[in-house]
Structures are given as structure tokens and as C-alpha cells.
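Residue numbers are given in the working numbering: position 140 of the sequence shown equals residue 140, and the series is strictly consecutive. Positions of the beta carbon are idealized from the N, C-alpha and C atoms, including for glycine. All of these numbers come straight from a predicted model, not from anything done at the bench. Below is one structure, written out as C-alpha cells; comments come after it.
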Amino acid sequence: MSDVDEIPSGHTIDLLRWCDDIPEILHLQLRNYLYSFEFYLDDKSWRASVHRYRAGKTRYAHFRQTDNLLADSGWHCSFCFRRISDFVFKMRAYSHVDRVRFKYYLNRSRIQSVICRGADLFDMLPEEYTFQEIIAKLGPIPRTYSAVHLPGYLLQNVEQYRYLLPGNCIRESG
């Protein structure tokens, strides 16, 4: 169970399909990206999970349910949208509306500039739990130009998903 932007790798799916006795609940450790696969954040995403279905007991939950974690299981690509209008929609959505402190945050040219710099759309401090982690993540996200370890489907369909690949930050206005 996961959000739509949390994508398990094909290898992870095969491993889970082929293995016996996987835990009742298993979290998937995913590589975190922001805006595209050009801006790698970290490998701390663990909210996606696999459950052995039990009628009446299996429920979706967006919190840590176990310490069982399968490393390097896929990708979590936040705000990885094709169109600027999709960014505006999400920024105005319930879960993010309190972060839009100023109207100019929704300016489309500002959003495009922020995406290309790998900066924070809401001009917020990194969401971390220690001062060391906050300081380490201050400022724009360093670029990565590597396509190694990216989703195979993405690489096989470059024309359709070019905006998600490193070096292609310009979005459609939509």
C-alpha cells in the first residue's frame, strides 16, 4: 500500500512474489526525489508497505507499523508533475494550503524557477529531526545527472516522461 508517487521497483515486486514467509507487514525503503529524478534527496522514505491480506484486519496506514524494512525497494518522487498547473493544484490542496504563506508562491514563473533550481516551493526549512540533518539539507538540492537505478519503464519511454529525467526541468504550463 502506498501513495501514487511511491513506486516499488520491478525487482522488488518479483522478490516479494517469489519469496515465501515474507513478514505480515513490510515497509519499503524508497529513494526520495523532488520534482524529477534530477534532485535526489535521500533514502529515508519508508511509508510504502506490503501487507499479507487478512479480511477485516488489513488497513491502509501512513505511519510506521513495523521495523521490517526492505532496502532500496524503489522510488518516491514528490511533486513530479508534467504541468505547472499541477504544482499549483497540489500547493492549494488541503495538505499543503497552510504552506502557501504568500500569494506570489503560486506565481507560475516562480514555480518554474524553483523547480529548475531544486529549491523548496514553500521556502521552508527541511523537514528533519536533528539540527545536523537540517543544516545538511539547507539550500537547493544538489543535481544528479545519472540515470543509473531509475525506473526501467521511464527509461524505455523517454519521450513521454522526459520531464522526469535529469536535465529536463522545464514544465508545460497546463
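- For E6, DSSP records a beta bridge to H76.
- Within the same chain, L28, L70, S73 and G74 come within 7 Å of T12 by CB-CB distance, once the 5 residues on both sides are set aside.
- Taking C-alpha positions only, H96 is separated from V88 by approximately 10 Å.
- Around the beta carbon of A136, fewer than 16 other beta carbons lie within 10 angstroms, which makes this residue exposed.
- The C-alpha of R83 lies about 42 Å from the C-alpha of D20.
- Under the three-pair Cβ rule at 8 Å, the segment 33–40 does not count as touching the segment 55–70.
- Within the segment 88–134, not a single complete beta strand (DSSP E) segment reaches 3 residues in length.
- In this structure, DSSP gives R83 an extended state, which the three-state scheme calls strand.
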